[in-house]
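Using the UniProt record's numbering, you'd call the opening residue of the sequence shown number 1 and step up by one each time.
Glycine is no exception: its CB is placed at the ideal position from the N, C-alpha and C atoms.
Source: prediction; values computed, not measured.
To keep things clear, I will list the structure first and then write my remarks on it.
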Amino acid sequence: MKKRFALLLTLVLLVSLLSFAIMTVTYSSVNLYEQNVMGTLWVQKSAEFRALSYQTFNLAKVRVQADLADESVKKPRTIVVDLDETILDNSQYQAWLIVHGLEHSSSTWNPWTQAGIAPAMPGAVQFLKYCEANEVEVFYISNRKVLDDNSGYTGTVKNLKALGFPNVDEEHVLFTTDSSNKTDRRTIAEDEKHVILYMGDNLNDFLNDFAKLGVDERVVMTDKYKDEFGSKFIVMPNPMYGEWESAIYEYKLGASVAEKAQMRKDKLELWDFSVDKTKSKRLFYLLKNFFMLEKYASDNTK
């Protein structure tokens, strides 16, 4: 009996210590980049991401097929696609940043784009070749920069051509100039043409209405255009980075690593699992399991 009481007392003390630890845990250091591991791994290693990519381009093909069947369209048909994390996979660059504990910067991003080695997203090349075969013009609108020596542009063009993408020339591959706002470049693609759809991983790829909005405002704007998604707007999933992350930081991109980590946590919607309210319940289940084990042991020694 004394042995059982001692064990029971030990369990009670463990529950109390665990409760205290949950309430007081703090981190002595913050590794913001380590938090990106799962999202990057999901892009690189999950079959689910690959399936979503195929699903996205399959849906886009269905939309193009439906439009091609519409004989009322007289203007030349076109589609507008983003590059990064839409048809090009830059997860290797993101992984490199994680391993080296670095934030995105032009000093590392520019050499990556100049190298021109990003693989294509699953299904991207096949879809755009289908568009080309059906006389649907493809425009690539990206916020990549040309750079002074034009190496950013030439590296990207080399990358796209090596992967077999169509319409890869100065008329169709449009980089950022003075602004990341894509409206003017979209106008070039839309001029005297019938745009079937837009593809991107960032809501700004579709409309500038989404630019510089807070987290809640982005949700409201998304709901406003809900009928366009899957129809005119085709979204690729990107858990690694994007305007959604900037919105979490309230566009304070100069914030420290610790500040950004805290802002991430502050935006989490939590389950109300109060330690104080549930302590007695957890103790009850621990004791219940303890006595069930005791009974099991007793039954098996008879």
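Check	Outcome
Give every residue of the same chain whose Cβ lies closer than 7 angstroms to the Cβ of Y249, excluding the five residues on either side of it in the sequence, and list them in chain order.	A255, K260 and M263
If you follow the alpha helix (DSSP H) that K61 is part of, which residue opens it and which one closes it?	A47 to L68
If we ignore side chains and look at the alpha-carbon of each, how far apart do V30 and Y251 end up?	In this prediction, V30 scores a pLDDT of 49, lower than 50, which makes its location untrustworthy; the coordinate-derived value is nonetheless stated afterwards. Rounded to the nearest angstrom, the two C-alpha atoms are 20 angstroms apart.
Count the other CB atoms within 10 Å of the CB of S231; is the residue buried (16 or more) or exposed (fewer)?	exposed
Determine the burial state of I117: buried for a count of at least 16 other Cβ atoms within 10 Å of its Cβ, exposed for fewer.	exposed
Tell me whether T26 sits in a helix, a strand or coil according to DSSP, three-state version.	Note on T26: pLDDT 41, under 50, position unreliable in the model; the coordinate value appears next. The answer is coil: DSSP assigns T26 none of H, G, I, E or B.
Counting only runs of 4+ residues fully inside the segment 170 to 201, write out the alpha helix (DSSP H) ranges in chain order.	183 to 190
Our contact map puts I196 next to I98 with C-beta atoms below 8 angstroms; I'd like the distance itself, whole angstroms only.	The Cβ separation is near 37 angstroms, so there is no contact.
Applying the 10 Å Cβ sphere with the 16-neighbour rule, what's the burial state of S106?	exposed
Report the rounded CA-to-CA distance for C131 versus K74, giving the unit in angstroms.	17 angstroms
Is N167 near V138, with beta carbons less than 7 angstroms apart?	yes
What does DSSP give as the partner residue(s) for A120 in the beta ladder?	L88
Alpha carbons only, please: which of E245, P237 and E190 is nearest the one belonging to L52?	P237
Would you kindly work out how many angstroms separate the C-alpha atoms of I141 and S274, rounded to a whole number?	48 angstroms
Does the structure place the segment 147 to 164 close enough to the segment 117 to 129 that three or more beta carbon pairs sit under 8 angstroms?	yes
Contact between the segment 170 to 187 and the segment 141 to 155 is defined here as three or more beta-carbon pairs at a separation below 8 angstroms; is this criterion met?	yes
To which residues of the same chain is L203 closer than 6 angstroms at the C-beta, ignoring the five residues directly before and after it?	F210
Looking only at its chain, what residues have a beta carbon closer than 7 angstroms to the beta carbon of D205, apart from the 5 residues adjacent to it on each side?	D82, K182 and Y198
Distance check for A258 and F127, CA to CA, integer angstroms please.	42 angstroms
Does the Cβ-Cβ distance between P239 and G101 come in under 7 angstroms?	no
Out of A189, A115 and G242, point me to the one whose CA is closest to P76's CA.	A189
When DSSP labels each residue in this structure, what does E137 get in the three-state scheme?	strand
By how many angstroms is the C-alpha of L207 removed from the C-alpha of P111?	29 angstroms
Measuring alpha carbon to alpha carbon, tell me which residue in G152, L253, I234 and W271 is nearest V64.	I234
Alpha carbons only, please: which of W96, K226 and D216 is nearest the one belonging to L268?	D216
With burial defined as no fewer than 16 other Cβ atoms inside 10 Å of the residue's Cβ, what is the status of V62: buried or exposed?	exposed
Once DSSP output is grouped into helix, strand and coil, what is the label at residue 310?	The displayed coordinates of the chain run from 1 to 302. Any statement about residue 310 would go beyond what the structure contains.
Residues in the same chain with beta-carbon distance under 6 angstroms from L164, minus the five sequence neighbours each way, listed in chain order, please.	A small correction: the amino acid at residue 164 is Gly; Leu does not occupy that position in the sequence shown. Correct list, in chain order: V125.
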